[in-house]
Amino acid sequence: MDKIEITARLVKQLIKEQFPLYAHFSVVPVPLNGHDNRTFRLGERMLVRLPSSEEYVKQVEKEHKWLPLIAPYLPLSVPKPIAMGNPSKDYPWNWSIYKWLEGNSANTLEINEETLQNIAVDLACFLNKFHKFAPSDAPSPGLHNWWRAAHTSVYDEETRSLIIKLSSLIDAKKARFLWEKSIKSMWYKDPVWVHGDIASGNILIKENKLSAVIDFGCMGIGDPACDLTIAWTFFKDKSREKFRSMIDLDSKTWERARGWGLWKALYELSILKDKGRSDAMKQQQVIKDILEEGL
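So the sequence shown is numbered by my numbering: it starts at 846 and just counts up by one.
What follows is the structure, given as structure tokens:
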């Protein structure tokens, strides 16, 4: 579905109509927006987050319901919902006001290896806590989170097709072998909370330390394997080793994680027209690292 244009002017109008107490605050777009939502800073202590298209709307109520319940059990800050906005004549869906969290997204920073190792430890500790529990009525994998926390094979057909499509750029034989290995095991334990999009753009760094994990729109319960793909998309060398050593999950889960990472990198590479661009080269390196580690 096509995304609608979301501007600071629209946000100011929504605030004025629905939350007049905040109408005097400035509304400024954040420098780097994500794919699913458009984000604006509201004054100094709040932010406004609006789904960019209808397919992301279910994430709003999910975050408002569950984040306040899980936050007390986690060792890092997570988004704190303040209010939920309603659809209007100018914007057709629910939207959110959150507390502003200090820090910069890791994907906007140059980070040295020592700091990366410290981040790896802190993120592993966060995920270990997050993966320890889940209420029985929490959301199972589905369209609301693009099947994160489901079994890796949910993307079997697409992954096999992408391997064929990109065979001139990757080692297709190794990719097929790794993929088939990744879908052979299962998560036999009780479902646990899964973030669903642990990526460098969704972790905040303040004073060279991991300060918060954000964007829980893909959260659900099930197999935590997909939360480990940051091992290859962000960490490297010693920080990757540190992250893996600190995670309380078995080798079979890591096999499925490599499958998730392979699928995601293949998909991202496939949608880039210019395969010589730096972001395309990055995805090829992720694929190479996953294949080398998994074989």
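We put the CB at the ideal spot given by N, CA and C, even for glycine. All figures in this text were calculated on a predicted structure; none of them were measured in a lab.
Enumerate, from N- to C-terminal direction, the unbroken beta strand (DSSP E) stretches of 3 or more residues contained entirely within the region 909-985.
926-930 and 940-944
Does DSSP put PHE885 in a helix, a strand or coil?
As a first step, residue 885 is located in the sequence shown; it is residue number 40 there, counting from the start. Correct three-state label for PHE885: strand.
Taking Cβ positions, are ALA1020 and ILE1008 nearer each other than 8 Å?
As a working mapping, residue 1020 is identified with position 175 in the sequence shown. As a working mapping, residue 1008 is identified with position 163 in the sequence shown. Yes, the Cβ-Cβ distance between ALA1020 and ILE1008 is below 8 Å.
Shortest alpha-carbon distance to LEU1136 belongs to which of MET1126, ALA1125, LEU1107 and LYS1120?
The count along the sequence shown starts at 1 and reaches residue 1136 at position 291. The shortest Cα separation from LEU1136 among MET1126, ALA1125, LEU1107 and LYS1120 belongs to LEU1107.
Report the rounded CA-to-CA distance for GLU959 versus LYS977, giving the unit in angstroms.
Counted from its first residue, the sequence shown places residue 959 at position 114. Counted from its first residue, the sequence shown places residue 977 at position 132. If you take the alpha carbons of GLU959 and LYS977, they lie about 28 Å apart.
Cβ-based neighbour list, GLU1113, same chain, cut-off 7 Å, excluding 5 preceding and 5 following
As a position in the sequence shown, residue 1113 is number 268, starting the count at 1. Around GLU1113: GLN1128.
What residues match up with PRO874 in a beta bridge as DSSP calls it?
Within the sequence shown, residue 874 is the residue found at index 29, counting from 1. The partner list for PRO874 (beta bridge, DSSP) reads PHE885.
Take GLY1046 and list the residues in its own chain whose beta-carbon comes closer than 6 Å to its own, dropping the five residues that flank it on each side.
As a first step, residue 1046 is located in the sequence shown; it is residue number 201 there, counting from the start. These residues qualify, in order along the chain: SER950 and ASN952.
Tell me the DSSP bridge mates of TRP1038?
Counting from 1 along the sequence shown, the entry for residue 1038 is found at position 193. Within the DSSP bridge table, the entry for TRP1038 names ILE1066 as partners.
Can you find at least 3 beta carbon pairs, one from the region 966-973 and one from the region 914-923, that sit closer than 8 Å?
yes
Can you check whether the CB of ALA853 is closer than 8 Å to the CB of VAL873?
The residue labelled residue 873 in the question sits at position 28 within the sequence shown. The residue labelled residue 853 in the question sits at position 8 within the sequence shown. Against a cut-off of 8 Å, the Cβ pair of ALA853 and VAL873 comes out as a contact.
Just to confirm, is the Cβ distance from GLY930 to TRP940 under 8 Å?
The count along the sequence shown starts at 1 and reaches residue 930 at position 85. The count along the sequence shown starts at 1 and reaches residue 940 at position 95. Yes. Within cutoff.
SER1056, DSSP secondary structure in three states:
Locating residue 1056 in the sequence shown gives position 211, where the first residue counts as 1. Strand.
Per DSSP, what are the beta-bridge partners of PRO896 in this structure?
Locating residue 896 in the sequence shown gives position 51, where the first residue counts as 1. Answer is ASN882, bridged to PRO896.
Length of the line joining the Cα atoms of SER1115 and LYS925
For the purposes of this step, residue 1115 is taken as the residue at position 270 of the sequence shown. For the purposes of this step, residue 925 is taken as the residue at position 80 of the sequence shown. Going by the C-alpha atoms only, they are around 35 Å apart.
Within 10 Å of its beta-carbon, does GLU850 have 16 or more other beta-carbons around it, so buried, or fewer, so exposed?
Taking the first residue of the sequence shown as position 1, residue 850 is located at position 5. Exposed is the call here.
Measure the C-alpha to C-alpha separation of ASN963 and ALA1076 and round it to an integer number of angstroms.
To locate residue 963, count along the sequence shown from 1; it is residue 118. To locate residue 1076, count along the sequence shown from 1; it is residue 231. Cα to Cα, the separation comes out at about 14 Å.
Return yes when the Cβ of GLY1121 is within less than 8 Å of the Cβ of TRP1024, no when it is not.
As a working mapping, residue 1024 is identified with position 179 in the sequence shown. As a working mapping, residue 1121 is identified with position 276 in the sequence shown. Judged by their CB atoms, TRP1024 and GLY1121 are not nearer to each other than the 8 Å cut-off.
Cβ-based neighbour list, SER933, same chain, cut-off 7 Å, excluding 5 preceding and 5 following:
Taking the first residue of the sequence shown as 1, we reach residue 933 at position 88. Counting only Cβ-Cβ distances below 7 Å, and skipping sequence neighbours, we find LEU859 and GLU862.
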